[in-house]
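Plus 29 on top of the position in the sequence shown (first one is 1) and you've got our numbering.
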Amino acid sequence: MKSMIIFSFALLIFAGCSNKVSSALEPISYGSYKKVSFEEIPSWEDENFDEVFACFKQTCEKSSRKPLFNHVCSISKDVKDTKEFFEQHFTPFVSIASHSLATGYYEPTIRGSYTQSDRYPYALYGIPDDLIKIEVNDAYQARIKRPLRGRFENGKVVPYYSRQEISENALAGQAPICYVSDKVDLFFLQVQGSGRVVLDDNSSMYVGYGDQNGFPYYSIGKEMLKRGYLKEGEVSLRSIHNYFDNNPQMIDEVLNTNPSYIFFQQRDRGATGALGVILEGGRSVAVDRENIPLGMPLFISTREPLSNKRYERVVFAHDTGGAIKGEKRIDIFFGSDEKAKEQAGMMQAQLELWMLVPNDYLVQSKGAVE
């Protein structure tokens with residue numbers, strides 16, 4: 030069982046709060062939103078609402094006990110007109126934040142073995158025994174920008190090992206879940222947060238996010254641009270892999286510029302988000318839960334990365350991610366096939382975002398919908 034330390038950071042009480050445009054959302058979001066009508070949402074009429082409703086029902090399996098969703102989930106058992114259901118029971122709020130970004134992720138597949146060898150030299154670690162999870166009081170959680178993690182050393186809590194320290198064998202005493210064949214693929218498995226390991230006997234093992242070392246995420250694509258290893262506009266999973274194939278001596282130096290390190294847990298099914306539902310390609314997104322609660326239906330308008338056509342649809346906040354910070358910031362789950370890998374690797378576009386907030390919650394929490 031992992032150690033847990035509770036801190037109450039009194040000095041954080043003096044930290045400023047974000048300005049909220051819509052006070053109706055104060056109980057659920059730290060972002061800036063404006064109430065609009067469904068008619069103002071582009072391509073709303075073109076949506077496949079039966080498909081959206083099926084995804085909503087799956088979302089309710091994990092979120093129906095939350096005050097935000099318990100009523101709207103309870104009345105969704107006998108619905109004949111799915112479009113009407115959303116229009117009658119939700120209110121759209123558009124994010125008016127100036128900065129926006131939509132990226133993508135997928136479920137990668139990597140070769141592995143339970144036995145370390147020349148073919149499988151790299152450890153895929155579970156949650157280390159000495160990792161301390163440091164929790165803060167609820168009142169201060171919104172002001173903490175990354176997980177607080179540490180370890181004991183000489184009777185004191187010190188930061189946990191960085192990626193570079195781990196790559197230099199700091200976890201030599203920990204038994205890994207398995208060993209994998211490619212260090213770069215392992216890195217991107219950590220970036221994606223979950224995936225499938227195909228073992229020697231061709232059986233599959235699913236792994237998902239377990240915890241992390243507490244360091245902030247830093248984009249190696251940004252670092253490679255900065256160093257001139259890649260050119261503006263050509264950063265993708267493929268171009269990064271190609272660079273390392275041609276320059277293997279640079280792998281550790283570049284990867285270690287991202288000090289964040291993800292630890293995994295074994296799972297009995299495919300890609301599963303932080304909400305606990307199996308992720309659905311094109312419908313599941315990762316969000317910053319400080320601004321968008323898990324389970325929240327959203328409408329997004331951005332660009333599809335391979336065709337550059339408009340990509341406008343209802344999605345659901347099924348997941349979180351260390352690099353997903355901000356109210357107008359999402360990571361779209363594209364699936365697990367080769368096309369999904371290409372889409373995820375190329376996805377980087379501006380975003381318009383609407384939260385579809387249950388009316389009943391707005392009425393109960395504020396007395397009226399603003």
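Just so it is clear, CB atoms sit at the ideal spot from N, CA and C, and this is done for glycine as well.
Three-state class that DSSP yields for Pro188 in the structure shown: Translated into the one-based positions of the sequence shown, residue 188 becomes position 159. Secondary structure at Pro188: strand, using DSSP grouped into helix, strand and coil.
Nearest-angstrom beta carbon gap, Phe78 and Val385 [assumed within contact, 8 angstroms]: By 1-based counting over the sequence shown, the position of residue 385 is 356. By 1-based counting over the sequence shown, the position of residue 78 is 49. Here residue 385 turns out to be Leu, not Val, going by the sequence shown. Their Cβ separation, rounded to whole angstroms, is 12 angstroms, which puts Leu385 and Phe78 out of contact at 8 angstroms.
Residues bridged to Tyr151 (per DSSP): Taking the sequence shown and counting its residues from 1, the one referred to as residue 151 is at position 122. DSSP output for Tyr151 lists Val209 as bridge partner(s).
Where the alpha helix (DSSP H) through Gly374 begins and ends: Within the sequence shown, numbered from 1, the residue matching residue 374 stands at position 345. Unbroken alpha helix (DSSP H) run through Gly374: 367-375.
Through-space distance from Trp383 to Val65, alpha-carbon basis: In the sequence shown, counting from the first residue as 1, residue 65 sits at position 36. In the sequence shown, counting from the first residue as 1, residue 383 sits at position 354. The straight-line gap from Cα to Cα measures roughly 9 angstroms.
Proximal residues to Ala39 (C-beta, below 7 angstroms), its chain only, five neighbours per side dropped: Start at 1 with the first residue of the sequence shown, and residue 39 comes out as number 10. For Ala39, the predicted structure reports a pLDDT of 26, less than 50, and the residue's modelled location is therefore unreliable. The matter cannot be settled from this model.
Sequence-distant residues of its chain with Cβ nearer than 6 angstroms to Gly133 (five each side left out): Taking the first residue of the sequence shown as position 1, residue 133 is located at position 104. Same-chain partners within the cutoff: Ile361, Phe363, Gln372, Ala373, Met376.
CA nearest to the CA of Phe293, picked from Ser233, Ile125, Pro157, Thr144: Numbered from 1 along the sequence shown, position 264 holds the residue referred to as residue 293. Taking only the C-alpha atoms, the option nearest Phe293 is Pro157.
Selection from Thr111, Pro326, His118, Lys109 that minimises the alpha carbon distance to His100: By 1-based counting over the sequence shown, the position of residue 100 is 71. Cα-wise, what sits closest to His100 is His118.
Buried or exposed by the 16-neighbour rule on C-beta atoms within 10 Å, applied to Asp348: Counting from one through the sequence shown, the residue named residue 348 turns up at place 319. Counting Cβ neighbours within 10 Å, Asp348 comes out buried, since at least 16 surround it.
Any 3 or more C-beta pairs closer than 8 angstroms across the region 255-262 and the region 193-211: no
Val220 Cβ short of 7 angstroms to the ligand ADP heavy atom set: Among the components of this structure there are no ligands whatsoever, and the ligand ADP is therefore not found.
Short Cβ contact (8 angstroms threshold) for Gly141 with Asn320: Stepping through the sequence shown from its first residue, residue 141 is reached at position 112. Stepping through the sequence shown from its first residue, residue 320 is reached at position 291. No, they are not a contact pair.
Beta-carbon proximity list for Asp317, same chain, < 8 angstroms, skipping 5 on both sides: Along the sequence shown, one-based indexing puts residue 317 at 288. Excluding sequence neighbours, Asp317 sits near Thr349, Ile353, Lys354, Gly355, Glu356, Arg358.
CA-to-CA distance, Gln221 to Glu80, given in whole angstroms: If you number the sequence shown from 1, residue 80 lands on position 51. If you number the sequence shown from 1, residue 221 lands on position 192. The alpha-carbon atoms of Glu80 and Gln221 are separated by roughly 25 angstroms.
Option in Ile206, Asp159, Tyr151 with minimal Cα separation from Asp214: Within the sequence shown, the letter at position 185 stands for residue 214. With distances taken between Cα atoms, Asp214 lies closest to Tyr151.
Nearest-angstrom Cα separation, counted from Ile291 out to Ser336: Position 307 of the sequence shown holds residue 336. Position 262 of the sequence shown holds residue 291. Their backbone Cα atoms lie some 32 angstroms apart in a straight line.
Chain-order list of residues whose beta-carbon lies under 7 angstroms from that of Ile70 (same chain, five-residue window excluded): Within the sequence shown, numbered from 1, the residue matching residue 70 stands at position 41. Within the same chain, Ile70 has close Cβ partners Pro121, Phe328, Trp383.
Of the residues Val236, Phe273, Gln241, Ser233, the one placed nearest Gly250, counting alpha carbons only: If you number the sequence shown from 1, residue 250 lands on position 221. It is Phe273.
Which of helix, strand or coil DSSP assigns to Lys49: Your numbering for residue 49 matches position 20 in the sequence shown. Here the model assigns Lys49 a pLDDT of 49, short of 50, so the residue's position is not dependable, and the following value carries that caveat. Lys49 falls in the coil class under three-state DSSP.
C-alpha gap between Glu333 and Arg148, whole angstroms: Along the sequence shown, one-based indexing puts residue 333 at 304. Along the sequence shown, one-based indexing puts residue 148 at 119. Cα to Cα, the separation comes out at about 37 angstroms.
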